[in-house]
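The block underneath contains the structure these notes are about, expressed in structure tokens.
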Amino acid sequence: MLVAEDGTPLTAGTEEGKIKYLVWDLARNKAVKHEEAVLPALEGEFTVEGKRAKPVFQLLKEKVSQYTPEWAEKITGIPAETIRQVGVEFGKTRPAAVDCGWHDPKYKNSTMTWRAAAILNALVGSLVKDGILITGAGSTASPPPDVSEDSVTRIWGAKQGVAMASKGFTFQGFLDAIEKGEPYRISTAFLFSVNLVLTGPDSRRWREALKKLEKVIAIDIYPNDTVLYADIILPEHAFLERDDPLFGIAYAPVAGFHTRVAAVQPLYDTKHVIDIFAGITKRLGENYYNKFWVSFAKNLGAADPQAMGAKLREAYEKHGVRGIRMVQAQARNIDPAKLESEGLVVVKDAETLRKEMVQRTLTGRLLTPTGRIELFSFALNSIKARKGYQPYWDPIVAWAEPEVLGKADGRTTFYLIYGRVPTMTHTSTADEPFLSVLTPDFKRMAWINRAVAESLGIKKGDRIRLVSVETGAAVEAVAFPTDLIREDTIWVSSDFGHESEALRYKKFGVLYHMLTSIKADPVAGGIMSQEVVVRVEKV
Amino acid sequence: MIEVQHAWDIRIVLDLTFGGMGVAAFIIAFLYYLRGEKEFNVKAALVGMVSLLIGLLILVTHLGKPEAALYTLLTPNLGSVMTWGVFFNILALVFGGLFALPGLVKLPYTGNEKVMRLLGTLGSVFSFLVMAYTGTLLARTSIHLWRTPATPLLFILVALSSGVGLYALAAVAFKKEVPRELIDFSMITTFLALVTTTSYFAIADISTEAFRYSVHLMLSELLGATAALYLLGFIAPLAVYLYNRKKPSRTNLIVLAVLLILQSLLARSLIVYAGAVELPW
Amino acid sequence: MARYGMVIDLNKCVGCGACVMACITENRREQALKAIEEGLQALENFKKRTYIVTHIFGTYPNVGVVYTHMICQHCENPPCVSVCPTGASYKTRDGIVLVDKEKCIGCEYCVQACPYGARFWDPYIRSIDKCTFCAHRLAKGEEPACVTTCPTGARTFGDLDDPSSTVSKLVASGAAVALKKEEGTRPKVFYIFPMRRR
Chain B
69 MLVAEDGTPL TAGTEEGKIK YLVWDLARNK AVKHEEAVLP ALEGEFTVEG KRAKPVFQLL
129 KEKVSQYTPE WAEKITGIPA ETIRQVGVEF GKTRPAAVDC GWHDPKYKNS TMTWRAAAIL
189 NALVGSLVKD GILITGAGST ASPPPDVSED SVTRIWGAKQ GVAMASKGFT FQGFLDAIEK
249 GEPYRISTAF LFSVNLVLTG PDSRRWREAL KKLEKVIAID IYPNDTVLYA DIILPEHAFL
309 ERDDPLFGIA YAPVAGFHTR VAAVQPLYDT KHVIDIFAGI TKRLGENYYN KFWVSFAKNL
369 GAADPQAMGA KLREAYEKHG VRGIRMVQAQ ARNIDPAKLE SEGLVVVKDA ETLRKEMVQR
429 TLTGRLLTPT GRIELFSFAL NSIKARKGYQ PYWDPIVAWA EPEVLGKADG RTTFYLIYGR
489 VPTMTHTSTA DEPFLSVLTP DFKRMAWINR AVAESLGIKK GDRIRLVSVE TGAAVEAVAF
549 PTDLIREDTI WVSSDFGHES EALRYKKFGV LYHMLTSIKA DPVAGGIMSQ EVVVRVEKV
Chain A
82 MIEVQHAWDI RIVLDLTFGG MGVAAFIIAF LYYLRGEKEF NVKAALVGMV SLLIGLLILV
142 THLGKPEAAL YTLLTPNLGS VMTWGVFFNI LALVFGGLFA LPGLVKLPYT GNEKVMRLLG
202 TLGSVFSFLV MAYTGTLLAR TSIHLWRTPA TPLLFILVAL SSGVGLYALA AVAFKKEVPR
262 ELIDFSMITT FLALVTTTSY FAIADISTEA FRYSVHLMLS ELLGATAALY LLGFIAPLAV
322 YLYNRKKPSR TNLIVLAVLL ILQSLLARSL IVYAGAVELP W
Chain F
22 MARYGMVIDL NKCVGCGACV MACITENRRE QALKAIEEGL QALENFKKRT YIVTHIFGTY
82 PNVGVVYTHM ICQHCENPPC VSVCPTGASY KTRDGIVLVD KEKCIGCEYC VQACPYGARF
142 WDPYIRSIDK CTFCAHRLAK GEEPACVTTC PTGARTFGDL DDPSSTVSKL VASGAAVALK
202 KEEGTRPKVF YIFPMRRR
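Protein chains in written order, with the working numbering: chain B, 69 to 607; chain A, 82 to 362; chain F, 22 to 219.
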């Protein structure tokens, strides 16, 4: 694809609703629509109707020429020779792929980091290839819709200069609303299955904020730390106790539906979250109750939310949540009995789905504006058009520094990173007795490089204090001197640090978010959870 | 990884101490019975049997499921040292007990010399087997410290030392003379026990990792017990013995007797608590 | 009549501990529920039929992690069987070493005799307990719970007398080795140790 000097792709107008982008055909020595090119140029500089333009590949080459292995060695500490060697190996080996990442952004430049990984994959032909990497299989791959203009998160995000503020990802914006009443005051928080005081950045502030609210209502299955701040607790069925509606299968490369069927009767006085919302709205009056069902139907994607809403309501009032599932199953011609006995229905198996995805790629029917895999990011380019150039949204790729780069000296200050352990996930395992004791102690400790620990006089099992250099907030941890971590970095598991005394089986850990602060990544507004530098002190 | 054993604790130690001491005292009592001093030695034999019984009762408190012990007699595994130990203990108690009970109550065969000699002999044979089995039991495990000929040998030696001690205390209690040669004998057993104990340390640095670790324990965490064994269990008896030769007294004998019993308790404790196994994980 | 054995590939083990939990839920459910009732201390002291140990070696940046697995080795010459006074410890014709709860007196001689630390006193059932190779599952044609659960397939199980079984092939190839051979136990659990690269 040809890109002009001002950074815009060259086009030949629109045909059948699709923009026709231009490439330079070396065979005919002119710019043509890409589907008409015989020999599309990867490199070079060309003039099209008086405009100078370069192919994206040329721009990529020029861009990365400054990012030499020697340059990278200074930042990463990995020998330039090794980087070069890996690069050559990667280039020569087929198949080869780099994981394009998830659970980000941890740093200000995470978007760019994963773009770089994806570009590498595209260059060696690994993207959307069976047996290598298939992305977007089974999903729509289109971004979520904008949230309301009145949304606290959207307003806060815009104020921070977040490019995608309209998507409302910036939940951390609620703090300003609660603390300062900006953009407006919030009086109530309705928390559904979220452990805010453990997972919200700058944990101290969330604790104060929850106390400041007039009312906090929490729906959860465990008395975790956040629930203890609630004025009203609405206990919910645990996963074995519930019949659920129909869900699309998400974390597997198949297209289909799954549900939950109660394996045991609820042990305690709990309700399903739908029971809770239906119950509350019913008490608010017929108007609200009706609105609830219509809104529910709309969220399920019903073509006629009014009609479907009425159907769901009727089914629910007769059969509870199970009734909702039956309606959903009917709408998709799924045998409810089969669904209930097997728990899932696969509509398109993995092989079919993969084949389809690969076919779509080969026939140019992906969701990019050209229908093809593009190194050039149209999304980032439109951000650049709106907000001006920043390396964080370079449409090709650019090195952008994390905030913490260079701020840790590896002697008294350290980069803080976190990870997960196999025995813990979310609230649902916070009080699981065996998972708690089967977690080896060292995975609950703060990992510090062995040599560094020695120089600081820190031994295994010593109580240490991690102090956030930015906020001064401190948290205690147990030290684990090890060779598994770099000299300038400290690792903790973010899975622990629960303090709720109502949890019977919890053990020690590090409350990670005591050390983070409120940030927003420039592209999507994520909390940048690893932009933290800590000081280490002996207790 | 090295794991210090903790399945066997003080109750096992006490069982083996009381047991070894009791059966050794019985054998000594029977030998002196044969020499002619009948009345006292039957009583001394009884003291021995009571000690054995106390040991066994303490053992029962250690068993996880003592009521199943019947199976040792119903479906015994003859390949197990412990099975033989149970037989020997029971038979020692039966024959030794029958021999010694006349010291408490008058029984029909009390005057029958032949029967008494038979009971005493059988009691002594099984008593000796009890003495020998205590160490052999430990030797047939995966704990390298125990798995040496030194262990059965050491346990026999300290049983004999403590048996002399118990016998001497019985003699003092019944206002009898403690035979000089018996005290001399206890110095031989003490000396040999000292040599045997020291042999563990002497071969440690060329032994297996688990063995070395056990010895390391004996010289660090359990150093107090090791020191106590050498000082109170070996050196003090020798000192008291020499002192008693210069200035004989009843008090000296009592002190010596107690030290000899302590020797057995300390030696067994040290060996049992220092036991460790090297697991390949 | 089989000769059951296991191969554990330490290259594949990621140390998740699912095998430990699978064994507990399959074989010691009642004991587990009791321990949960008693609280955290009872859980910390809860003995296991199988467990993993983490080994970290090397100096940064050349570091490695290996997980070793403790499990009863179901020895062909089991010292635990030879020392048991009542015969409560016995070996089946399929080569599985088991404990007859009825006859166990809790003397823990077998605990001292086992060089692998595989046996323990279970106060909840008042007997010595240990891995049974899930004999009750084998009887139904299923594999032991830990083998089925392992997400990476690190544990494989089969008949060592069947030359076509995976375990036989791995042992015959020399890739899978026995531990503490010098004890003369002739264990039937074999380990594939991690490859050293570079």
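Quick reminder that beta carbons are idealized off the backbone N, C-alpha and C, glycines included.
Item, Value
"Under 8 Å by Cβ, that's how I've got A/Leu250 and A/Ile335 pegged, so tell me the actual separation to the nearest angstrom.", "7 Å"
"Considering only the beta carbon of each residue, do B/Phe114 and B/Ala105 sit closer than 8 Å?", "no"
"For A/Asp286, count the other beta carbons within 10 Å of its own beta carbon; 16 or more makes it buried, fewer makes it exposed. Which is it?", "exposed"
"By a C-beta neighbour count over all protein chains shown, 10 Å radius and 16 as the cutoff for buried, is B/Pro463 buried or exposed?", "buried"
"When you compare each of B/Glu599, B/Pro437 and B/Ile392 to B/Glu84 by their alpha carbons, which one comes out closest?", "B/Pro437"
"Scan the segment 201-229 of chain A for residues whose Cβ lies nearer than 9 Å to a Cβ of chain F and list them as they occur along the chain.", "Leu218, Leu219, Arg221, Thr222, Ser223, Ile224 and Trp227"
"DSSP three-state call for B/Glu605: helix, strand or coil?", "strand"
"For B/Phe446 and chain F, any beta-carbon pair shorter than 8 Å?", "no"
"Which residues in chain A have a C-beta closer than 9 Å to the C-beta of F/Lys201? List them in chain order.", "Ser223, Glu359, Leu360 and Pro361"
"Reducing DSSP to helix, strand and coil, say where B/Trp274 ends up.", "helix"
"Classify B/His581 as buried or exposed, calling it buried when 16 or more other Cβ atoms lie within 10 Å of its own Cβ.", "buried"
"Looking only at C-alpha atoms, which of B/Tyr460, B/Ser504, B/Pro291 and B/Leu579 sits nearest to B/Thr175?", "It should be pointed out that residue 175 of chain B corresponds to Tyr in this sequence rather than to Thr. Residue B/Tyr460 is the option with its Cα nearest to B/Tyr175."
"Could you work out which residues of chain F lie near B/Asn517, taking near to mean beta carbons separated by less than 8 Å?", "Tyr81"
"What is the residue span of the alpha helix (DSSP H) that A/Thr217 lies within?", "Glu194 to Ala220"
"Which parts of the segment 291-321 of chain A are runs of the alpha helix (DSSP H), unbroken and 4 residues or longer, counting only runs that do not cross its ends?", "304-309"
"Say whether the segment 52-67 of chain F touches the segment 154-165 of chain F, bearing in mind that this needs 3 or more beta-carbon pairs closer than 8 Å, one atom from each stretch.", "no"
"Is it the case that the Cβ atoms of B/Lys227 and B/Asp214 are separated by a distance below 8 Å?", "no"
"In three-state terms, what does DSSP make of B/Ser536?", "strand"
"Under three-state DSSP, which class holds B/Arg120?", "strand"
"Is F/Ile92 close to chain B? Criterion is C-beta to C-beta, closer than 8 Å.", "no"
"By DSSP's criteria, B/His326 is part of a beta bridge. Which residues make up the other side?", "B/Phe315 and B/Leu412"
"Taking the alpha carbon of F/Thr75 as the reference point, which residue from F/Val35, F/Tyr137 and F/Ser103 has its own alpha carbon closest?", "F/Val35"
"Taking Cβ-Cβ distances below 7 Å as the criterion, which residues of the segment 564-578 of chain B are in contact with chain F?", "Arg572 and Tyr573"
"Taking all protein chains shown into account, decide if A/Leu337 is buried (16 or more other Cβ within 10 angstroms of its Cβ) or exposed.", "buried"
"From the DSSP output, in three-state form, read off B/Leu302 for me.", "strand"
"With a threshold of 16 other CB atoms inside 10 Å of the CB of B/Lys160, please say whether the residue is buried or exposed.", "exposed"
"Note down the Cα distance separating A/Leu200 from A/Leu210, rounded to an integer number of angstroms.", "15 Å"
"What is the residue span of the alpha helix (DSSP H) that F/Pro100 lies within?", "Pro100 to Val104"
"Counting only runs of 3+ residues fully inside the segment 241-288 of chain B, write out the beta strand (DSSP E) ranges in chain order.", "256-260 and 283-288"
"I need the straight-line Cα distance from F/Gly38 to A/Ala149, nearest angstrom please.", "35 Å"
"Please report the straight-line C-alpha distance between A/Gln344 and B/Ile558, rounded to a whole angstrom.", "54 Å"
"State the Cα-Cα distance for the pair B/Gly249 and B/Gly241, rounded to the nearest angstrom.", "11 Å"
"Verify the CB distance criterion: does A/Pro233 have a CB-CB separation below 8 Å to chain F?", "no"
"What residues of chain F sit near B/Pro307, judged by a beta carbon separation below 8 Å?", "The displayed chain sequence assigns Phe, not Pro, to residue 307 of chain B. Neighbours of B/Phe307 on chain F: none; closest Cβ ~16 Å, over 8 Å."
"Just verifying my parser: in three-state terms, what is the DSSP assignment at F/Leu181?", "coil"
"Give the DSSP-derived three-state secondary structure of A/Ile224 in the structure shown.", "coil"
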